[in-house]
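To start, the structure itself, in structure tokens.
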Amino acid sequence: MKSVVLNAINDLSAEEVTRPTVTTGNSLVKILACGICGTDRHIYKGEYPSTKPVILGHEFGGVIEEVGPGSKFKVGDLVSVDPNIICGECIDCKADRNAFCPSLTALGVNINGGLAEFVLTPDTQIYPVRPDLNPLHLAFIEPLACSIRGMDLGALKGGEKVAVLGGGVIGLLVVQLAKLAGASEIVLVTRQKFRREVALQIGATRVIDPKAESVTDVLSGIDVTFECAGAVETFNQAQRITRRGGSIIILGLTAAGTKVEINPFDLVVNEHRIQGSYLNPLTQSRAAELVGSGKLNLDIMISKVVDLDGVKAILDAEPAEGDIKYIVTLN
5 MKSVVLNAIN
15 DLSAEEVTRP
25 TVTTGNSLVK
35 ILACGICGTD
45 RHIYKGEYPS
55 TKPVILGHEF
65 GGVIEEVGPG
75 SKFKVGDLVS
85 VDPNIICGEC
95 IDCKADRNAF
105 CPSLTALGVN
115 INGGLAEFVL
125 TPDTQIYPVR
135 PDLNPLHLAF
145 IEPLACSIRG
155 MDLGALKGGE
165 KVAVLGGGVI
175 GLLVVQLAKL
185 AGASEIVLVT
195 RQKFRREVAL
205 QIGATRVIDP
215 KAESVTDVLS
225 GIDVTFECAG
235 AVETFNQAQR
245 ITRRGGSIII
255 LGLTAAGTKV
265 EINPFDLVVN
275 EHRIQGSYLN
285 PLTQSRAAEL
295 VGSGKLNLDI
305 MISKVVDLDG
315 VKAILDAEPA
325 EGDIKYIVTL
335 N
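For the sequence shown, the positions run 5 to 335 when the numbering used here is used.
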């Protein structure tokens, strides 16, 4: 079968590999759509740890092609896949801290993932979706699950002033989730004009171009700030625009080893709650249901649909101006 294999840092190619054999407790999923994520670019460049060689791709779903003995699924089911496999037995797993499982293994990072024609997937990671779902929307379920996790940590109750720093897929999903949660103000900050325009269409009440305005001069008193850019600059901005006693939720992923400065005095007197949000523990099923509900505008974020041969060119380049989401299809 055809796949996209990362053989070493900066060594990626579309190549033929052996189709997996189904075993007990696993199903073979025929991939219909797989998103290309910023994490994939970090992995490709050696900025995020991974096993090599490995087939990349962790935002995917498709149709069950074959099931193992005793499976509860059936051939033809349309499914989403949670890529993060846990042991279920450690202290963290038993306390529902799944993202901290010391045995955590991720499809597309540590073992073969969704940038392939087929993926051997543990049944524990499979979540059925409505059969009439647009297959392209399968690529949004995993990033939405991560965004829902961030929203849970932000604990919006309605009426909050929210800032979203970064206008990529996660940022634009958070804008829509904040709207659904009843935020009174939703400010999206991004350099890209097209992304600002999209944000206004999907729920932002205000947008800011940080090239034209100083974010810290024009924004203050934010109840919950979501850092979705994965940049030192936006991390620093978040601390300055969030009100005393407010929350800062870090969803953006920087390169491993990135350092930022925190003023302990300011942290104490402002009582800022700075909270990281890692992966998608216990939120995949909610994301699948929300995508199926049609309450989110996902099509507006799809910038380009490519085949497996187009993946390397996308990862070799920085995202083009105005682009938001790249999706690989194989049907």
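Note that CB positions come from ideal geometry on N, CA and C, so glycine has one too.
With a cut-off of 8 angstroms on the beta carbons, I'd call residue i and residue j a contact; round off their distance for me.
i	j	result
alanine 208	isoleucine 190	5 angstroms
leucine 36	leucine 334	7 angstroms
lysine 329	serine 307	6 angstroms
isoleucine 245	leucine 223	4 angstroms
valine 202	isoleucine 318	In fact, because the Cβ distance is near 20 angstroms, the residues do not count as touching under 8 angstroms.
leucine 300	glutamine 205	Incorrect: roughly 12 angstroms between the Cβ atoms, too far for contact.
arginine 195	proline 214	6 angstroms
lysine 165	aspartate 227	5 angstroms
Would DSSP call residue i helix, strand or coil?
i	result
aspartate 100	coil
isoleucine 130	strand
aspartate 221	helix
valine 338	There is no way to answer for residue 338, as the model of the chain reaches only from 5 to 335.
leucine 16	strand
valine 332	strand
alanine 110	strand
leucine 119	coil
threonine 342	The displayed coordinates of the chain run from 5 to 335. Any statement about residue 342 would go beyond what the structure contains.
lysine 6	strand
valine 211	strand
What residues in its chain sit with their C-beta under 8 angstroms from that of residue i, if we drop five residues either side in the sequence?
i	result
aspartate 15	none
proline 147	Gly39, Cys41, Glu63, Val173, Ile174, Leu177
aspartate 100	Pro285, Leu286
threonine 28	Gly72, Pro73, Gly74
isoleucine 145	Glu63, Gly65, Ser84, Tyr131, Val133, Gln288, Ala291, Ala292, Val295
cysteine 94	Cys105, Pro106, Ser107
leucine 97	In the sequence on display, residue 97 carries cysteine and not leucine. So the qualifying residues of the chain are Ile90, Cys91, Cys105.
isoleucine 331	Ala37, Cys38, Gly39, Ile40, Leu140, Ala143, Ile306, Lys308, Val309, Val310
Which residues in the same chain as residue i place their Cβ atom closer than 6 angstroms to its Cβ, once the five residues preceding and following it in sequence are excluded?
i	result
valine 21	Ser7
phenylalanine 239	Glu231, Val264
glycine 66	Val33, Lys34, Ile35, Leu36
isoleucine 47	Ser54
alanine 18	Val8, Leu312, Asp313
valine 279	The displayed chain sequence assigns glutamine, not valine, to residue 279. If we look at glutamine 279 and ignore the five residues flanking it on each side, its Cβ neighbours are Leu157, Ile253.
glycine 234	Gly256, Leu257, Thr258
histidine 141	Val295, Leu302
glycine 61	Cys38, Gly112, Gly117, Gly118, Leu119
lysine 316	Leu16
glycine 225	Arg247
alanine 149	Asn284, Thr287, Gln288, Ala291
alanine 103	Tyr282, Leu283, Pro285
glutamate 121	Met5, Lys6, Leu334
aspartate 81	Ile68, Pro132
Beta-carbon within less than 7 angstroms of residue i's beta-carbon, same chain only, minus the 5 sequence neighbours each way: which residues are those?
i	result
phenylalanine 198	Gly326
alanine 242	Leu169, Thr229, Glu231, Ile252
asparagine 30	Gly72, Leu124, Thr125, Pro126, Asp127
glutamate 275	Arg248, Gly249
May I ask you to check if the CB of residue i is nearer than 7 angstroms to at least one heavy atom of the ligand NAD?
i	result
leucine 32	The model depicted lacks the ligand NAD and carries no ligand whatsoever.
TODO: For the stretch 293 to 326, list the beta strand (DSSP E) runs that are entirely contained and at least 3 residues long, ordered along the chain.
DONE: 306 to 310
Task: Touch test, the stretch 241 to 260 against the stretch 98 to 115, Cβ-Cβ under 8 angstroms, three pairs minimum - done: no
Task: Runs of beta strand (DSSP E) wholly within the stretch 132 to 206 (minimum 3 residues, chain order) - done: 165 to 169, 189 to 193
- [ ] Could you name each continuous beta strand (DSSP E) segment of 3 residues or more that falls completely within the stretch 33 to 95, going from the start of the chain to the end?
- [x] Runs of the beta strand (DSSP E) inside the stretch 33 to 95: 63 to 71, 82 to 85.
Task: Runs of beta strand (DSSP E) wholly within the stretch 224 to 307 (minimum 3 residues, chain order) - done: Restricting attention to beta strand (DSSP E) runs no shorter than 3 residues, the stretch 224 to 307 encloses them at 226 to 231, 246 to 254, 277 to 280, ordered along the chain.
Task: Given 8 angstroms, three or more beta-carbon pairs between the stretch 125 to 145 and the stretch 81 to 100 - done: Judged by pairs of C-beta atoms under 8 angstroms, the stretch 125 to 145 touches the stretch 81 to 100, as three or more such pairs exist.
Open item on the list: Taking contact to mean 3 or more Cβ pairs, one atom from each stretch, closer than 8 angstroms, check whether the stretch 8 to 25 and the stretch 53 to 70 are in contact.
Closed with: yes
Task: the stretch 279 to 287 in contact with the stretch 149 to 160 per 3-pair CB rule at 8 angstroms - done: yes
TODO: Check whether the stretch 186 to 201 touches the stretch 161 to 169, taking contact to mean three or more Cβ pairs, one atom from each stretch, closer than 8 angstroms.
DONE: yes
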